[in-house]
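The structure appears right after this line, and notes come after that.
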Amino acid sequence: TERTLVLVKPDGVERGLIGAIIARIETKGYTVERLELLRATPEQLAAHYAEHEGKPFYPPLVEFMSEGPLVALVASGHGVIQGFRSLAGTTDPTTAAPGTIRGDLGRDWGLNVQKNLVHGSDSEESAAREIAIWFPEG
Ligand code: ATP
């Protein structure tokens, strides 16, 4: 069955939204297969965000993702990769549609990084790669 890697980013943990976010995944009908609260290592973030290295938002993004614990989870179900991205909403929480995680729970905090509460894999290839980064023990 299809799997995706979801992160509840440090802003979501700090704001006490772990439960609200996981509830949306579960009430949609997806299964939480793995779940861990952890602090990201520099190596994990470099691997996870390798495609963004060199972009202006990369340094503040890595700093933000390091500033507190995050939740990594694996969710499964047919269509879960696109389904979770649909639940999450578009990257910018200001314009993300109401009804989505980012649209309902997020906002612009006036920083040089978008604190947008969650990450979800964007393809089967990304999901496999990212699950190995956050759950290296298999
Ligand atoms: P989506 O793919 O829906 O945009 P994502 O989380 O995968 O969501 P990426 O484009 O991979 O987004 O960017 C990674 C993260 O970097 C974003 O989630 C956001 O936190 C931050 N980010 C992306 N673009 C910008 C930007 N232009 N300015 C500030 N932060 C950004």
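Going by UniProt numbering, the first residue of the sequence shown is number 2, and it counts up by one from there.
In this text, a Cβ means the ideal position worked out from N, Cα and C, and glycines have one as well.
All values reported here derive from a predicted model rather than from experimental measurement.
Checklist entry - Among the residues of its own chain, which have a CB less than 6 Å from the CB of Ile-26, if the five just before and after it don't count? => result As a working note, residue 26 is residue 25 in the sequence shown. Closer than 6 Å at the Cβ level, and outside the excluded window around Ile-26, lie Ala-76.
Checklist entry - Residue range of the beta strand (DSSP E) that Thr-28 falls in? => result Mapped onto the sequence shown, residue 28 falls at position 27. Where Thr-28 is concerned, there is no enclosing beta strand (DSSP E), although the alpha helix (DSSP H) it sits in stretches over 19 to 29.
Item to check | Distance, Ile-134 Cα to Gly-104 Cα | outcome: For the purposes of this step, residue 104 is identified with residue 103 of the sequence shown, where counting begins at 1. For the purposes of this step, residue 134 is identified with residue 133 of the sequence shown, where counting begins at 1. Cα-Cα distance, rounded: 28 Å.
Next on the checklist: Less than 7 Å separating the Cβ of Gln-115 from some heavy atom of the ligand ATP?
Outcome noted: Your numbering for residue 115 matches position 114 in the sequence shown. Gln-115: yes, Cβ under 7 Å from the ligand ATP.
Next on the checklist: Bridge partners for Arg-35 per DSSP, in chain order?
Outcome noted: For the purposes of this step, residue 35 is taken as residue 34 along the sequence shown, with counting starting at 1. DSSP, once it has assigned bridges, lists Val-75 as partnering Arg-35.
Item to check | heavy atom of the ligand ATP below 7 Å from Arg-16 C-beta | outcome: The sequence position of residue 16 within the sequence shown is 15, counting from 1. No, the ligand ATP has no heavy atom inside 7 Å of this Cβ.
Checklist entry - Distance, Cα to Cα, Lys-29 vs Ile-23? => result In the sequence shown, counting from the first residue as 1, residue 29 sits at position 28. In the sequence shown, counting from the first residue as 1, residue 23 sits at position 22. Going by the C-alpha atoms only, they are around 10 Å apart.
Checklist entry - Cα separation between Leu-106 and Val-7? => result Here residue 106 refers to the residue found at position 105 when the sequence shown is read from its first residue. Here residue 7 refers to the residue found at position 6 when the sequence shown is read from its first residue. Near 16 Å, if we compare the C-alpha coordinates of Val-7 and Leu-106.
Item to check | Near the ligand ATP: Phe-136 beta-carbon under 7 Å from a heavy atom | outcome: Position 135 of the sequence shown, counted from the first residue, corresponds to residue 136. Every heavy atom of the ligand ATP is 7 Å or more from the Cβ of Phe-136, so no.
Next on the checklist: Taking the beta carbon of Asp-101 as the centre, do at least 16 other beta carbons fall within 10 Å, making it buried, or is it exposed?
Outcome noted: The count along the sequence shown starts at 1 and reaches residue 101 at position 100. In the sequence as presented, Asp is not what sits at residue 101; that position holds Thr. When all chains shown are included, Thr-101 counts as buried.
Checklist entry - Under the criterion of a Cβ to heavy atom distance below 7 Å, does Phe-58 qualify as lining the ligand ATP? => result Counting from 1 along the sequence shown, the entry for residue 58 is found at position 57. Yes; taking the cut-off as 7 Å, the Cβ of Phe-58 has a heavy atom of the ligand ATP nearer than that.
Next on the checklist: Does the beta-carbon of Leu-6, which I'm using as the reference point, lie nearer than 7 Å to any heavy atom of the ligand ATP?
Outcome noted: The sequence position of residue 6 within the sequence shown is 5, counting from 1. Flag unset: Cβ of Leu-6 not near the ligand ATP.
Item to check | Thr-96 CB to nearest heavy atom of the ligand ATP below 7 Å | outcome: As a working mapping, residue 96 is identified with position 95 in the sequence shown. No, the Cβ of Thr-96 stays beyond 7 Å of every heavy atom of the ligand ATP.
Item to check | the stretch 115 to 122 contacting the stretch 2 to 17, beta-carbon criterion three pairs below 8 Å | outcome: yes
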